[in-house]
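Engineer: Quick one: the structure is below, questions incoming.
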Amino acid sequence: MRGGSRAVGTLVGGVILALILLSILGVGILLLRFLDSYGQLASRLVKEKSKSPIVAKALDIFWSLDGSNLTIEIASRYADALLVTGVTVLWNDSSITMLDRLNSSGVRIVAESPDGSTYVADRLPVALGPGYRVNITLVGYASGRTPVAVIPVVSGSPLVAPVPAAPRAAAAGGAASQPTRYSLALLESTMLDCTVTWLGSATVNGAASTILLVARGGSRDIEVYNVTGAGLAYLYSIDAGTVFNCSADIVYSPAKSLLYLVNASGIYARSLSQADTWKLATSACRALGPGTRIEALEAQGRPYLFVAQGGGSSYCIIDLTGQGKTIGAGHVSAGEMIVNGGRLVAGNYTVSAASGDTVYILAYNETTGEPYIALYNATSSSWSLLAKAPGRYAVGMACNGTTLWLLLQHSGLYKIDAGTGRLSHVDTLLPAAPWGPGDRLEYLGGTLVFIRADGTREAWLISPG
């Protein structure tokens, strides 16, 4: 009897062991399939990233208006067949039209082959072979409004790429539209969210230079770079004594030859000399939350600091006249960002830029949450509204006095007339979509400098034209 029990036990044990081995084998097979699929996906993404700029350069895309009709012309010089899968249009009244295979009503699509024959498609997507042309007409869509940005989306194994269209009038003699030129420089360290920057003329160790300051998000480091015709040259790092967490910012004042830092304790000052140290300039103005921004202004020969205190509508104006590293209490005044009777609040994706006596800032209507670009003029001590922003999530703003550049998360680069607020999309296609909070777009001598952050060392030098 005991022998029979042992035999049954042995049999049951063998079955259990076999089931365990089969389970392990099954998991192993599933894991191998997952790794194979993941590898294929990674390979596809790498190919997609490398091919997107090539495809963009092989497409000639323009838009034109005829009364209330908007026509988008797409011609392909790409070697392989593509599909036009969608179109997004941003209008000057801030509305957006998105067309795809499920929403193509009121759209007329005509494709022309290289031999001149044509066919009509009733909806997207539409094929775009080598040498083919496609005209997409949005009938009646432009009634009472004009496009700010027109962005078709093309796809083809293994890529999907948005490619901005240019106004037909901007193409002299029918010349092809080309994406904005750009080049890549590498920073000393990896940048993360909440990175902030400054670019301009500064005095470093007694010598005047063109300097880029990069305050690394999530760290206490401010990296100092010399900007030359050859690119960016790392010089040294400054310990900020505070972590850049979207509630801290920096600015350099050429008028005072001092670097200013604002955080939750107040405003600190120091020179860019490596031997110098921080000194508390004032505690009467301090960061109050995310979206803290500081800018240097000059009005009627007097230097000022502007501070959006973050987390709300509060701001400070600081008169630096006659002040050294320490700022007297009588030189600090406070107020609220109120434009056209509405209170504006700063948040994680608030960005700012300054030129002369004016600071520009993207902030949000306290009631509706809508994004606006407002300006503060230090000469008149007044606020005014420049434009409604084309998107909520900005990663940088820069200004040259007459033009603002605004870079949005995933949505591209925009140019805004600093006098009229007229907004237009800039024809650019960066290899990586900008994302993550921070204020890291600068302008100098016809070149935009964008610090990508999001775990990279990339600094993109963009020639917007």
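Numbered per the UniProt record's numbering, the sequence shown spans residues 1 to 465. Every residue gets a Cβ at the ideal spot worked out from N, C-alpha and C, and that includes glycine. As the structure is a computational prediction, the values presented were derived from the model and not from experiment.
(1) Where in the segment 254–280 do unbroken runs of the beta strand (DSSP E), each at least 3 residues long, occur, reported from the N-terminal end onward?
(2) Can you look up valine 426 in the DSSP assignment and give me helix, strand or coil?
(3) If I'm right that alanine 363 touches tyrosine 376 with Cβ under 8 Å, what's the distance once you round it to whole angstroms?
(4) Among all the DSSP beta bridges, which residues are the ones paired with glycine 341?
(5) Who are the near neighbours of threonine 88 in its chain, counting only those whose CB is closer than 6 Å to its CB and skipping five residues on each side?
(6) Would you list the one or two residues that DSSP bridges to glycine 231?
(7) Going by beta carbon distance, what residues of the same chain come within less than 7 Å of serine 113, once the five residues before and after it are set aside?
(8) In the structure shown, what three-state DSSP assignment does valine 55 receive?
(9) Please classify valine 120 as buried or exposed, where buried requires at least 16 other C-beta atoms within 10 Å of its C-beta.
(10) Taking 7 Å as the threshold (C-beta atoms), are isoleucine 72 and alanine 202 in contact?
(11) Measure the C-alpha to C-alpha separation of leucine 22 and glycine 455 and round it to an integer number of angstroms.
(12) Report the CB separation of asparagine 348 from proline 434 in whole angstroms; it is logged as a contact under 8 Å.
(13) Do aspartate 100 and leucine 138 count as a contact pair if the criterion is CB distance below 7 Å?
(14) Could you check what DSSP says for phenylalanine 450 in three-state terms: helix, strand or coil?
(15) Under three-state DSSP, which class holds alanine 459?
(16) Buried or exposed, going by whether 16 or more other CB atoms sit within 10 Å of the CB of histidine 410?
(17) If I follow the unbroken beta strand (DSSP E) through isoleucine 74, where does it start and stop?
(18) Could you have a look at glycine 396 and say whether DSSP puts it in helix, strand or coil?
(19) Quick one: what's proline 147 bridged to in DSSP?
(20) Do leucine 258 and serine 273 come within 7 Å of each other at the CB atom, strictly closer than that value?
(21) For the pair the segment 314–322 and the segment 401–418, tell me if three or more CB-CB distances fall below 8 Å.
Structural biologist: Here's the rundown:
(1) 258–263, 266–270
(2) Residue state, collapsed to three classes: coil.
(3) Not really, about 11 Å apart at Cβ, beyond 8 Å.
(4) DSSP output for glycine 341 lists no bridge partner at all.
(5) Met98, Ile151
(6) Thr228
(7) Around serine 113: Tyr132.
(8) Secondary structure at valine 55: helix, using DSSP grouped into helix, strand and coil.
(9) exposed
(10) no
(11) Reliability fails at leucine 22, whose pLDDT of 45 lies under 50, so the model's placement of it is uncertain and no value is given.
(12) Actually they are not in contact, since the Cβ atoms of asparagine 348 and proline 434 sit about 14 Å apart, beyond 8 Å.
(13) no
(14) Here phenylalanine 450 sits in strand by DSSP.
(15) strand
(16) exposed
(17) 69–76
(18) strand
(19) Trp91
(20) no
(21) no
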